[in-house]
Amino acid sequence: MLALPWASSPPVPPPVKKKLCFSTSSSSKRTASATIPLVNKKHSASSAHLLLSRGRALMAATVTAPAFSDDDQRKELLLRHLGEDGGWVEEQMLSLLTPVDEAWQPADLLPTFAAATAEEHRTQVAELQARAAGVPDELLVCLVGNMITEEGLPAYMTMGNRAGGGAGIVDATGCDDHGWARWLRGWTAEENRHGDVLNRYLYLCGRVDMRQVETTVHHLLRRGMSMLEPSCPYHGFIYGAFQERATFVSHAHTGKRAALHGDACLAKLCGVIAADEKRHEVAYTRVVARSLEGDPDGVVRALAAVMRAKVTMPGERMTDGRDDNLFDHFSAVAQRAGVYTAADYGDMVEHFVRRWKVAELEGLSGEGRRAQDYVCGLPRKIRRMEELAHDRAAQKEAQSVNISWVFDRPVRLH
Ligand SMILES: [Fe+2]
Ligand SMILES: [Fe+2]
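For the sequence shown, position 146 matches number 1600 in our numbering, and the numbering has no gaps at all.
Below, the structure written as structure tokens:
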């Protein structure tokens, strides 16, 4: 059994103060300073989605994992118990959600036209556009890809409600009162602001072809995503921890690069989103750690299954109606820009192996020990694959692709 490792959890970022970037009440309160949870690319968190494959990073979000045939009912009972009124989910997860009246909203971060004068509108938007003018196309492509992925939220909420298991874990009525249902709705409400604020920034900055961006969102929602096969209730939570960490890294890196290019407002937007993702990561990480206490064998096998499974990003099926390889192109641009890289993926796997103390698990079955060995050896394998991919990429000639999001301008892939 593992001891509760809460003490080693990453610190939860403090709540974001309102009026972060633009204020309708007083233009003098506008501030361009950005305090974002930037990460060191080399050693930072890695993120959730990238999987090395043929030298390029693929972002991860959905998992098709092999089915477990053993006592899934016991796993569900364990999880259902955690979600009971006043129980573990309430204490350890719901407490991580920001109360609505303390939460940031997109209107705090971007010009809002309702209260300002016409003159102020023009000034605010002009300031935003002047800052955005220095953002290179490759970073815009990363930002658009991140935004479109966030806008796929209806599919993710649906997935969250299917992957959890049975009654008492999923939100069966849409307004269930148990902890898991309240978490799912609260998580969705926080996530919903991410697509909103990025979408609004992109609209106002005038740097991207919004119709193409919107068309891509439309396509993605119609096409859906590969869903996690709900064969084991642990899969979704393990996946959630990885995915949240990946999005944290991706948004934080985007923000850091935006700041370097002089767009402090965009850096601030990405920073507050990254801080949300970090809290979500902490929540899912806690679920897995808590499950390990009660069922280390089941969890380590689930972890190995998720790692072995085909892992793809929620936005993998995106298209703008013209480019059938749009997601691959977005991933390649993100890799080259350092927004989400193969190294980040390796860092992420290493982080969770350490965080969940996988190497120290005891009392495992034969299958559990094989899963443990596999998972513990994975970071080294990923590093090796990363080196090979890096060498191959270095030998390739420079290649660009025209991307419709930035008015068909060419963007370097490698
Ligand atoms: Fe998000
Ligand atoms: Fe999140």
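Glycine is no exception: its CB is placed at the ideal position from the N, C-alpha and C atoms.
Compute the distance between the beta-carbons of residue i and residue j, then report whether it is under 8 angstroms.
i	j	result
His-1673	Thr-1773	yes
Val-1589	Leu-1757	no
Val-1807	Val-1829	yes
Leu-1832	Asp-1751	no
Val-1787	Val-1595	yes
Met-1767	Phe-1781	yes
Arg-1699	Glu-1735	yes
Ser-1858	Gln-1666	yes
Ala-1609	Met-1679	yes
Arg-1771	Arg-1677	yes
Val-1855	His-1805	no
Asp-1630	Asn-1615	no
Asp-1845	Leu-1532	no
Gly-1800	Gly-1599	no
Leu-1815	Thr-1708	no
Considering only residues of the same chain and omitting the five flanking positions on each side of residue i, which have a CB-CB separation below 8 angstroms?
i	result
Arg-1755	Phe-1522, Glu-1821, Gly-1822 and Ala-1825
Met-1547	Gly-1633, Trp-1637, Ala-1737, Arg-1740 and Val-1741
His-1575	Pro-1565 and Phe-1567
Counting only the same chain and skipping the five closest in sequence on each side, list residues whose C-beta sits under 6 angstroms from that of residue i.
i	result
Val-1753	Tyr-1688, Ser-1745 and Leu-1746
Leu-1492	Interpretation of Leu-1492 is limited by its pLDDT of 26, a score under 50 that renders its predicted location unreliable; no figure is taken from the coordinates.
Leu-1551	Gly-1640
Ala-1728	Pro-1491, Phe-1702, His-1705 and Ala-1706
Asp-1591	Val-1860, Arg-1863 and Val-1865
Ala-1586	Cys-1659, Arg-1661 and Asp-1717
Leu-1536	Trp-1542 and Val-1543
Phe-1691	Tyr-1738, Val-1741 and Val-1742
Asp-1778	none
Met-1664	Tyr-1657
Ala-1635	Asp-1625
Glu-1573	none
Met-1611	Thr-1642
Would you mind giving the Cβ-Cβ distance between residue i and residue j, rounded to the nearest angstrom? I have them listed as a contact below 8 angstroms.
i	j	result
Glu-1605	Gly-1649	4 angstroms
His-1715	Leu-1593	7 angstroms
Tyr-1693	Val-1651	At roughly 25 angstroms, the Cβ-Cβ gap does not stay under 8 angstroms, so Tyr-1693 and Val-1651 are not in contact.
Cys-1724	Ala-1712	6 angstroms
Ala-1448	Glu-1840	For residue 1448 there is no data in the structure shown, the boundaries of the chain being 1455 and 1868.
Thr-1642	Leu-1607	7 angstroms
Asp-1526	Cys-1686	6 angstroms
Excluding the 5 residues flanking residue i on each side, which residues of the same chain have their C-beta closer than 7 angstroms to its C-beta?
i	result
Met-1775	Checking the sequence shown, residue 1775 turns out to be Gly, not Met. Around Gly-1775: Thr-1669 and His-1673.
Arg-1534	Gly-1622 and Ile-1623
Met-1909	The structure shown has nothing for residue 1909, since the chain only spans 1455 to 1868.
Gly-1620	Glu-1530
Gln-1583	Cys-1659 and Gly-1660
Gln-1559	Arg-1647
Gln-1849	none
Ile-1836	Leu-1506, Tyr-1799, Gly-1800 and Val-1803
Nearer than 7 angstroms: is that true of the beta carbon of residue i relative to any heavy atom of ligand 3?
i	result
His-1705	No copy of ligand 3 occurs in the structure displayed; its ligands are ligand 1 and ligand 2 alone.
Report the residue ranges of all beta strand (DSSP E) runs contained in full by the segment 1755 to 1825; include only those spanning at least 3 residues, in chain order. 1764 to 1766
What does the shell around ligand 1 hold, if a residue joins when its beta-carbon is under 7 angstroms from any heavy atom? Glu-1604, Glu-1645, His-1648, Thr-1701, Ile-1727, Asp-1730 and Glu-1731
What are the complete alpha helix (DSSP H) segments, minimum 4 residues, inside the segment 1677 to 1760? 1687 to 1714 and 1718 to 1748
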